[in-house]
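Visitor: Residue numbers (the numbering used here): 2 to 99.
For glycine and all other residues, C-beta sits at the position ideal for the given N, C-alpha and C.
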Amino acid sequence: MLIVTLTAGHSPAAFARAKEIERHKVSIDGQSFRVIRYDNGSVKVVDGGIFGDGVSYNLRERMRKAAKQGTGCELADDFWLDGKLIGTLRCPGEGAAS
Numbered sequence: 002m003l004i005v006t007l008t009a010g011h012s013p014a015a016f017a018r019a020k021e022i023e024r025h026k027v028s029i030d031g032q033s034f035r036v037i038r039y040d041n042g043s044v045k046v047v048d049g050g051i052f053g054d055g056v057s058y059n060l061r062e063r064m065r066k067a068a069k070q071g072t073g074c075e076l077a078d079d080f081w082l083d084g085k086l087i088g089t090l091r092c093p094g095e096g097a098a099s
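1. So for K20, helix, strand or coil by DSSP?
2. List the endpoints of the continuous beta strand (DSSP E) containing D48.
3. Considering just the uninterrupted stretch of the alpha helix (DSSP H) at G71, what are its terminal residues?
4. Using the Cβ count rule (16 or more neighbours within 10 Å means buried), how would you classify G31?
5. In chain order, what residues of the same chain lie with their CB nearer than 7 Å to the CB of R63, ignoring the 5 residues before and after it?
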């Protein structure tokens, strides 16, 4: 299982205290993702597939699309770390999500 976590401010401690506020099932290019949004502006994108070392550009793009479809926000300044895509959410009319 691949879990992608996108957090505002990139703080693991803040993410641990966050409360879930939305959950969506999203399909991008035939692949299903669960998108879970938290009250601190972070989002977790979960894919049930099994992947080896490394992640393709296409998978990362599908994860970015899943985050946008599930939250309505664009992903900014994202990076890949330990099987997670981490970044800041930029929502329409808000700038960076907080």
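Guide: Working from what's here:
1. Reading the sequence shown from its first residue, position 19 is the one you call residue 20. It is coil, neither helix nor strand.
2. As a working mapping, residue 48 is identified with position 47 in the sequence shown. Run containing D48: 44-48, per the beta strand (DSSP E) assignment.
3. Within the sequence shown, the letter at position 70 stands for residue 71. Counting along the chain, the alpha helix (DSSP H) containing G71 begins and ends at 58-72.
4. On the sequence shown, position 30 is the one that residue 31 refers to. Classification for G31: exposed.
5. Here residue 63 is taken as the residue at index 62 of the sequence shown, counted from 1. The answer, listed in chain order, is I29, D30, Q32.
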